[in-house]
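**Q** Supplied in C-alpha cells, the structure appears directly below.
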Amino acid sequence: MEEKQSIHGAWASRWIFILAATGSAVGLGNIWKFPYITGENGGGAFVLVYLLCILVVGVPIMMAEVLIGRHARKSPINAMHDVAISSGKSGLWSMVGWMGVLAGFFILSFYSVVAGWVLHYIAGMGVGDYAAISSDDAGKAFEGLLSNPQTLLIWHSVFIVMVMLVIAGGVEKGLENAVKFLMPALFVLLLVMLAYASQTSGFHAGWDFLFHFDPSQLSWESILVAMGHAFFTLSLGMGAIMAYGSYMPKKTAIGTAVITIALMDTVVALVAGLVIFPIVFTNGMDPGAGPGLMFVTLPVAFGQMPSGQIFGFVFFLLVGIAAWTSAISLLEPAAAWLVEKFGWHRIPACIVLGLIIWSIGIAALGSFNVIADVKLFGFTVFDFLDFITANIMLPLGGLFIALFTGWMVKRQISEDELAFSANAWYRAWYITIRYITPVAVAIIFVFNLLDTLK
Ligand code: PHE
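Below, the structure written as C-alpha cells:
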C-alpha cells in the first residue's frame, strides 16, 4: 500500500518532528507563564499537580493527537472528520477541530501581545536601557510599557507579521533551521542564568518555593490552573500537535518522541522557575506579581551581572524565538484547513488569519491601558482570553480528543500508529486514555464548577 502523504509536505526526519514539536511546546508558557502562575498559586504544591498532569493527562493526549494527525495526514478539522468516518462514527467530531482553531485564534492574539513585550525588551537590552536598574525602576519601566498602547501595538504588529511570514513559507523550510540551533542555544543560556541564580542569597528560598509541598496552598481553582497549564505548555487540546503529527514520518515511534518532547518542555519550565524565583527573593520582590514577573526580575539580574546587557539581549532574543516557534504552531491548523478546503495559496490564507488575530490582539493590549475597565465575567480582555483558552477550551478539547481516541477510533488504527500493538506499553496507554485521563480532566472540571457555585 502506498503511504499517505499530507498535501502540505512532511518533516525530513523524526528529529525534525521532535524539534518542531518541542519548538511549539517550549515558549512563553515555560519562561513567562509558568513562573508567574506558580507564584500566584503558592509554589510547590501547584508544581506537583502540574507535573502529575503532564504525566497522566499531557503525555497520553499528545500521543493521541499525533496518531490522529499522522493517520489522517490532514489539518485537525479534517483529520478528526476523516478518522471518525473511517471508524464508522459521526463526522461531527470535526467540531473538536473547530474549537481548536478558535482557541488558537484567542491564544495567539494575547500571546502576540506578550511576545511584543519580549521584542521591546530585546531592543531595550540592545541599547542598554536596563543597565544597573533597581527592582523599583524595573517595575516602573514595565508599567510604563503597559500604559503605552502605541508601543504595544507596534510590537504586537511586528510579531504577527513574523508569524505570518513563516506560515506563508510552509512547513519544510524556515522552521527546521530555526529550531535546530536556537533551542539548544536557549537551553545553554538558561543554564548560564541558573548558574548566576544559584549564587544569589535567595536561591534556597527560590528552590523551596518551587519544590516545597504545602497542600494547604491548593484550591480547586489552582488545580484547574495547573491542569490548564499542562495543556498550554505542551500545546495540546487545540490541534497544533495534531497538525505537526500529520507531517511526521510513518516509521517514527510516537511514544518515545512524545516523551522526549514532554521532558524537554518540563525541564525548561523548571529551570526558568529556578532562575526567576531566586532573583525574586534576593531582591525582596513579590512572587505573586503576575504577568510582569519575568519582565521585572530578569532586567534586575542582568543589571547586576558583568556583561549583563549582552546576556540580557541574547536571553530575550532567545525567548522571542521560542515564542515565535510556538506561535506558528498556533496558526498552522487554521492555515492548513483553508488550503485544504478552498485550495488557497498559503499567502492569502495567512493574510486573512493574521488580520483576524491582529484585531483581537488590539483588544488584548488595550486591557492594560485604554480599555482597562472593560470586564468580561470579571476579567480584562487579556485575562479573559488567557483564562478561557488555557483553563477551559484546551482541557475540553483534550477531553474530547481522549474520549474520541479511546472510545471511538477503531483500535486497529491506534495500534497501527503507535506500533507497539498488544504489548504492555500499548495497553498502559490505552487504559490511560480511555479511563484515567478523561476521569482526571472531568473531576477537575466538575469540582471546580461546584467550588465556584458555592
Ligand atoms: N506551548 C506554547 C508555550 O508554552 C503555547 C502554545 C499553546 C502553543 C497551544 C501552541 C498551542 O508557550
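In the working numbering, the protein residues as written are 25 to 478. Ideal Cβ positions, reconstructed from N, Cα and C, are used throughout, including at glycine. No experiment lies behind these values; they were computed from the predicted model shown.
Just to confirm, does Gly385 get its C-beta within under 8 Å of one of the non-hydrogen atoms of ligand 1?
**A** In the sequence shown, the residue the question calls residue 385 occupies position 361. Flag unset: Cβ of Gly385 not near ligand 1.
**Q** Tell me the DSSP secondary structure of Phe237 in three-state form.
**A** Position 213 of the sequence shown holds residue 237. The answer is coil: DSSP assigns Phe237 none of H, G, I, E or B.
**Q** Measure the C-alpha to C-alpha separation of Pro323 and Phe211 and round it to an integer number of angstroms.
**A** Counting from one through the sequence shown, the residue named residue 323 turns up at place 299. Counting from one through the sequence shown, the residue named residue 211 turns up at place 187. So the alpha carbons of these two residues sit roughly 19 Å apart.
**Q** Buried or exposed for Lys478, going by 16 or more other Cβ atoms inside 10 Å?
**A** In the sequence shown, counting from the first residue as 1, residue 478 sits at position 454. With fewer than 16 Cβ atoms within 10 Å of its Cβ, Lys478 is classed as exposed.
**Q** Going along the chain, which residues of its own chain have a beta-carbon closer than 7 Å to the beta-carbon of Ile61, five neighbours each way excluded?
**A** Against the sequence shown, residue 61 aligns to sequence position 37. Around Ile61: Val249, His253.
**Q** Please confirm whether any heavy atom of ligand 1 lies closer than 8 Å to the CB of Ile541.
**A** This structure cannot speak to residue 541, because the chain is shown only from 25 to 478.
**Q** So, are the CB atoms of Gly332 and Ser159 less than 9 Å apart?
**A** Numbered from 1 along the sequence shown, position 308 holds the residue referred to as residue 332. Numbered from 1 along the sequence shown, position 135 holds the residue referred to as residue 159. No.
**Q** Whole angstroms is fine: what's the gap from Val203's alpha carbon to Ala147's?
**A** Along the sequence shown, one-based indexing puts residue 203 at 179. Along the sequence shown, one-based indexing puts residue 147 at 123. Rounded to the nearest angstrom, the two C-alpha atoms are 22 Å apart.
**Q** Spatial neighbours of Leu215 within its chain, please: CB distance less than 8 Å, with the 5 preceding and 5 following residues excluded, ordered by chain position.
**A** Residue mapping note: residue 215 aligns to position 191 of the sequence shown, counting from 1. Result list for Leu215: Val295, in chain order.
**Q** Put Leu473 into one of helix, strand or coil per three-state DSSP.
**A** For the purposes of this step, residue 473 is taken as residue 449 along the sequence shown, with counting starting at 1. The answer is helix: DSSP assigns Leu473 an H, G or I state.
**Q** Exposed or buried, Phe58, counting other C-beta atoms within 10 Å across all chains shown (16 or more means buried)?
**A** Translated into positions along the sequence shown, residue 58 becomes position 34. Label assigned to Phe58: buried.
**Q** Which stretch, first to last residue, makes up the alpha helix (DSSP H) that contains Ser159?
**A** Mapped onto the sequence shown, residue 159 falls at position 135. First-last of the alpha helix (DSSP H) with Ser159: 159-170.
**Q** Across the stretch 123-139 and the stretch 298-312, are there enough close Cβ pairs to call them in contact, namely three or more that are closer than 8 Å?
**A** The answer is no - the stretch 298-312 does not touch the stretch 123-139, with fewer than three Cβ pairs under 8 Å.
**Q** Flag this pair as yes or no: are the beta carbons of Leu139 and Ala351 separated by less than 9 Å?
**A** On the sequence shown, position 115 is the one that residue 139 refers to. On the sequence shown, position 327 is the one that residue 351 refers to. The question names Leu, but residue 139 in the sequence shown is Ala. Yes, they are a contact pair.
**Q** Measuring straight from C-alpha to C-alpha, what distance separates Ala443 and Pro84?
**A** Taking the sequence shown and counting its residues from 1, the one referred to as residue 443 is at position 419. Taking the sequence shown and counting its residues from 1, the one referred to as residue 84 is at position 60. Their backbone Cα atoms lie some 15 Å apart in a straight line.
**Q** Could you tell me the distance, in whole angstroms, from the CA atom of His180 to the CA atom of Pro239?
**A** Position 156 of the sequence shown, counted from the first residue, corresponds to residue 180. Position 215 of the sequence shown, counted from the first residue, corresponds to residue 239. So the two alpha carbons sit approximately 39 Å from each other.
**Q** Per DSSP, which residues does Leu400 bridge with? Please list them.
**A** Position 376 of the sequence shown, counting from 1, holds the residue named residue 400. Its beta-bridge partners are Phe403.
**Q** How about Ser110 and Ile437: do their beta carbons lie closer than 9 Å?
**A** In the sequence shown, the residue the question calls residue 110 occupies position 86. In the sequence shown, the residue the question calls residue 437 occupies position 413. For Ser110 and Ile437, yes; Cβs fall inside 9 Å.
**Q** When the Cα atoms are used, what is the spatial distance from Thr276 to Arg38?
**A** Position 252 of the sequence shown, counting from 1, holds the residue named residue 276. Position 14 of the sequence shown, counting from 1, holds the residue named residue 38. If you take the alpha carbons of Thr276 and Arg38, they lie about 6 Å apart.
**Q** Specify the secondary structure class of Gly51 as computed by DSSP and reduced to three states.
**A** Within the sequence shown, the letter at position 27 stands for residue 51. Coil at Gly51, not helix or strand.
**Q** Leaving out the 5 sequence neighbours to the left and right, which residues in its chain are closer than 7 Å to Ala45 when beta-carbon positions are compared?
**A** The residue you call residue 45 lines up with position 21 of the sequence shown. Hits under 7 Å: Ile265, Tyr268, Ile285.
**Q** Just the Cα atoms here: how many angstroms apart are Phe424 and Gly402?
**A** What you label residue 424 is simply residue 400 of the sequence shown in a count that begins at 1. What you label residue 402 is simply residue 378 of the sequence shown in a count that begins at 1. Cα to Cα, Phe424 sits roughly 28 Å from Gly402.
**Q** If we ignore side chains and look at the alpha-carbon of each, how far apart do Met262 and Val182 end up?
**A** For the purposes of this step, residue 262 is taken as residue 238 along the sequence shown, with counting starting at 1. For the purposes of this step, residue 182 is taken as residue 158 along the sequence shown, with counting starting at 1. Cα-Cα distance, rounded: 24 Å.
**Q** So the candidates are Val90, Phe319, Gly33; which of them puts its Cα closest to the Cα of Trp56?
**A** Translated into positions along the sequence shown, residue 56 becomes position 32. It is Phe319.
**Q** For Val304, I'd like the list of residues in its chain whose CB is within less than 6 Å of its CB, leaving aside the five on either flank, ordered along the chain.
**A** Residue 304 sits at position 280 when you count from the first residue of the sequence shown. Around Val304: Pro311, Thr321.
**Q** Do Gly385 and Ile184 have their CB atoms nearer than 9 Å?
**A** Along the sequence shown, read from residue 1 onward, the residue named residue 385 stands at position 361. Along the sequence shown, read from residue 1 onward, the residue named residue 184 stands at position 160. Their beta carbons are under 9 Å apart, which means Gly385 touches Ile184 by this criterion.
**Q** Which ranges would you report for the alpha helix (DSSP H) in the stretch 198-226 if only whole runs of at least 4 residues count?
**A** Qualifying alpha helix (DSSP H) stretches, in chain order: 199-222.
**Q** Which residues bound the alpha helix (DSSP H) around Gly367?
**A** Position 343 of the sequence shown, counted from the first residue, corresponds to residue 367. Gly367 -> no alpha helix (DSSP H), and no H or E assigned at all.
**Q** With a threshold of 8 Å (Cβ to nearest heavy atom), would Leu377 be considered close to ligand 1?
**A** Counted from its first residue, the sequence shown places residue 377 at position 353. Every heavy atom of ligand 1 is 8 Å or more from the Cβ of Leu377, so no.
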